[in-house]
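Just so we're aligned, residue 1 is where the sequence shown starts under our numbering, counting upward by one.
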Amino acid sequence: MDDLLRRLFGRTDRPRAAHPLDREASSTGDVSPRPAGEGSASIAPPIMSRVLAIIHNPTALSGKPVQVAYGWNDPDRLAAQYLKDVREASYGIVNYEIVDRIEVTDPVRGRNIAKKFFNTRTDPPPPPDVKVRRGAKCNDADGPPCHPQGGGGDDCVDTSCGFITVEVANFFGPVTCTVSAQGGGVLGTVNLPDNSKLETDLYFGVTGNWVKASCDGPSGTSETGSFDWPN
Numbered sequence: 001m002d003d004l005l006r007r008l009f010g011r012t013d014r015p016r017a018a019h020p021l022d023r024e025a026s027s028t029g030d031v032s033p034r035p036a037g038e039g040s041a042s043i044a045p046p047i048m049s050r051v052l053a054i055i056h057n058p059t060a061l062s063g064k065p066v067q068v069a070y071g072w073n074d075p076d077r078l079a080a081q082y083l084k085d086v087r088e089a090s091y092g093i094v095n096y097e098i099v100d101r102i103e104v105t106d107p108v109r110g111r112n113i114a115k116k117f118f119n120t121r122t123d124p125p126p127p128p129d130v131k132v133r134r135g136a137k138c139n140d141a142d143g144p145p146c147h148p149q150g151g152g153g154d155d156c157v158d159t160s161c162g163f164i165t166v167e168v169a170n171f172f173g174p175v176t177c178t179v180s181a182q183g184g185g186v187l188g189t190v191n192l193p194d195n196s197k198l199e200t201d202l203y204f205g206v207t208g209n210w211v212k213a214s215c216d217g218p219s220g221t222s223e224t225g226s227f228d229w230p231n
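Below, the structure is given as structure tokens:
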């Protein structure tokens, strides 16, 4: 069998070429992009294609449409789900709009063709969303420390000190966020999967000052979330 596969398709032990959207996740949850040279082809911009849907639904011997007679699934619902699956699998790049629908009720004799016009498009991808919040509180004077002792970093001793939590959604792929704070500059960078929430090891403690996360995902998606630090 191995010899047959080699003759048909060439070598079978050749590793798969990396896809530009591939990511490797480490044991810590890091989903940073592969280094350049490992599938670093450019990612296409989103596209929308207009298509025609043809539904074959002839009449059964019982006189009912076969979809009803045999309990087949609703083709319109299946088509809508397919459009959604393609959009999600392509990270929002491939989008279809069904601009015409033809239902064929008697394909053998070419009669009784009911043509229905409607416009069913995939909903536009929801915009990316970033939320920044304070997570667990910390204090380097009299509470759970904000950073390991002797591990570097400034002590945070205000009663408002806490870890920064970042939540992302609708990026259709791994996300990299740069976290900064008013008066503190850039605090660090974090990587997280799409549609996830992460309490980072970054901390802050100045009531009323803003903390923001500027996040980037595949296909040029980007968004920034900002949060005024609480008491």
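A virtual CB, placed ideally from N, CA and C, is assigned to each residue, including glycine.
CB of residue i within 7 Å of CB of residue j, strictly
i: ASP158; j: GLY205; result: yes
i: ALA237; j: ASN209; result: Lying before the first or after the last residue shown, residue 237 is absent from the chain, which here runs from 1 to 231.
i: THR105; j: PRO58; result: yes
i: VAL211; j: VAL132; result: yes
i: VAL99; j: VAL86; result: no
i: GLY188; j: VAL179; result: yes
i: VAL130; j: ALA60; result: no
Own chain residues within Cβ distance below 7 Å of residue i, not counting five before or after
i: CYS138; result: PRO144, PRO145, CYS146, CYS156, CYS161, GLY162, PHE163, TYR203
i: GLY92; result: PRO46, PRO125, PHE172, SER219
i: VAL190; result: VAL166, CYS177, VAL179, LEU198, THR200
Own chain partners of residue i with C-beta closer than 6 Å, once the 5 adjacent residues on each side are dropped
i: LEU198; result: VAL166, LEU192
i: GLY217; result: PHE171, GLY173, VAL175
i: SER62; result: ALA69
i: GLY225; result: VAL130, LYS131, VAL132, ALA213
Length of the line joining the Cα atoms of residue i and residue j
i: CYS215; j: PHE172; result: 13 Å
i: ILE47; j: GLY152; result: 47 Å
i: ALA41; j: SER219; result: With a pLDDT of 47 at ALA41, under the threshold of 50, the modelled position of this residue cannot be trusted, and the question is left open.
i: TYR96; j: SER49; result: 5 Å
i: LYS64; j: LEU83; result: 28 Å
i: PRO148; j: ASP142; result: 14 Å
i: VAL51; j: PHE227; result: 43 Å
i: GLY183; j: GLU88; result: 39 Å
Bounding residues of the beta strand (DSSP E) (the contiguous stretch that carries residue i)
i: HIS211; result: Reading off the sequence, residue 211 comes out as Val, not His. Segment 210 to 216, the beta strand (DSSP E) holding VAL211.
i: ASP129; result: 129 to 137
i: SER180; result: 175 to 181
Residue i CB to nearest heavy atom of the ligand NAD below 6 Å
i: GLY188; result: Looking for the ligand NAD in the displayed structure turns up nothing, as the structure carries no ligands at all.
Among the options, the one whose alpha carbon lies nearest that of residue i
i: TRP229; options: PRO174, THR200, GLY188, GLY135; result: GLY135
i: ASP207; options: LEU187, GLY225, VAL190, ALA181; result: Per the sequence shown, the amino acid found at residue 207 is Thr instead of Asp. Ranking the options by Cα distance to THR207, first place goes to ALA181.
i: ILE102; options: ASN73, ALA53, SER222; result: ALA53
i: SER222; options: VAL86, PRO128, GLY71; result: PRO128
i: ALA44; options: SER90, THR224, GLY71, ALA79; result: SER90
i: ALA79; options: SER226, ILE55, GLU88; result: ILE55
Span of the alpha helix (DSSP H) around residue i
i: ALA80; result: 75 to 89
i: ALA69; result: 66 to 69
Nonlocal neighbours in the same chain, by C-beta distance under 8 Å from residue i, ignoring five residues either side
i: VAL66; result: ASN57, PRO58, THR59, ALA60, TRP72
i: SER27; result: With a pLDDT of 39 at SER27, under the threshold of 50, the modelled position of that residue is not reliable, and no figure is offered here.
i: ASP140; result: CYS146, HIS147, ASP155, CYS156, VAL157, CYS161
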